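Engineer:
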Amino acid sequence: MPPEASSREVLIAACPLFRDLDAAGLTAMGGAAVEVDFPAERVIAREGEVGSGLFILAAGAVRVVRDGVVVARLGPGEFFGELSVLDGAPRNASVIADGPVSCLALATWDAERVMREQPGVALAVLRVVVARLRGVTQDHRV
């Protein structure tokens, strides 16, 4: 049984990607998100394929694999898939369930709709993506 909208909103509010959302943004995101479960070793996102949504981990853990190398591990409250939602480009890594995983999923078309209707959601996502970009550029200056 899917969690109530308020449960989804609590998970969304705790996610770094959406930490600055107001009540209207949380409600919009909670209403658009759906719970999805994956068994162990299921490929949730495949490197090189166009993504169809973003995910927030509710329970379990995943590994992020790029070119066959594990580059990160993510757990509850963390997110992935936001870049493909924003630019429509293929995924830059695969994400594989380490064990049973529960996620909140937001389809690209729903994410786009929510961002158009709730500009605060778009701003929150952009701030996190920009912060990540700054971190990468600052860490790799020549």
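Each residue of the sequence shown is one higher than the one before, starting from 65 at the first, in the numbering used here.
C-beta atoms are modelled at their ideal positions from N, C-alpha and C, and glycine is treated no differently.
Keep in mind that this is a model prediction, so the values were computed, not measured.
For aspartate 86, which residues in the same chain have their Cβ closer than 6 Å to its Cβ, ignoring the five residues on either side in sequence?
Structural biologist: Here residue 86 refers to the residue found at position 22 when the sequence shown is read from its first residue. Excluding residues within five positions, the ones whose Cβ falls inside 6 Å are Gly184.
Engineer: Does DSSP classify proline 154 as helix, strand or coil?
Structural biologist: Within the sequence shown, the letter at position 90 stands for residue 154. Reduced to three states, the DSSP call for proline 154 is strand.
Engineer: From Ala171, Ala153, Arg191 and Leu138, pick the residue whose C-alpha is nearest to that of isoleucine 160; which is it?
Structural biologist: By 1-based counting over the sequence shown, the position of residue 160 is 96. It is Leu138.
Engineer: Look at the Cβ atom of alanine 96, then the Cβ atom of leucine 170, and state whether they are nearer than 9 Å.
Structural biologist: Locating residue 96 in the sequence shown gives position 32, where the first residue counts as 1. Locating residue 170 in the sequence shown gives position 106, where the first residue counts as 1. Result yes, Cβ atoms of alanine 96 and leucine 170 sit closer than 9 Å.
Engineer: List the residues that DSSP assigns as beta-bridge partners of glutamate 99.
Structural biologist: Within the sequence shown, numbered from 1, the residue matching residue 99 stands at position 35. Note: glutamate 99 sits in a beta bridge opposite Leu168.
Engineer: Are the CB atoms of proline 140 and leucine 121 within a distance shorter than 9 Å?
Structural biologist: Walking along the sequence shown from the start, residue 121 turns up at place 57. Walking along the sequence shown from the start, residue 140 turns up at place 76. A contact, by the Cβ cut-off of 9 Å.
Engineer: Output yes or no for whether 9 Å exceeds the beta carbon distance between arginine 130 and glutamate 111.
Structural biologist: For the purposes of this step, residue 130 is taken as the residue at position 66 of the sequence shown. For the purposes of this step, residue 111 is taken as the residue at position 47 of the sequence shown. A contact, by the Cβ cut-off of 9 Å.
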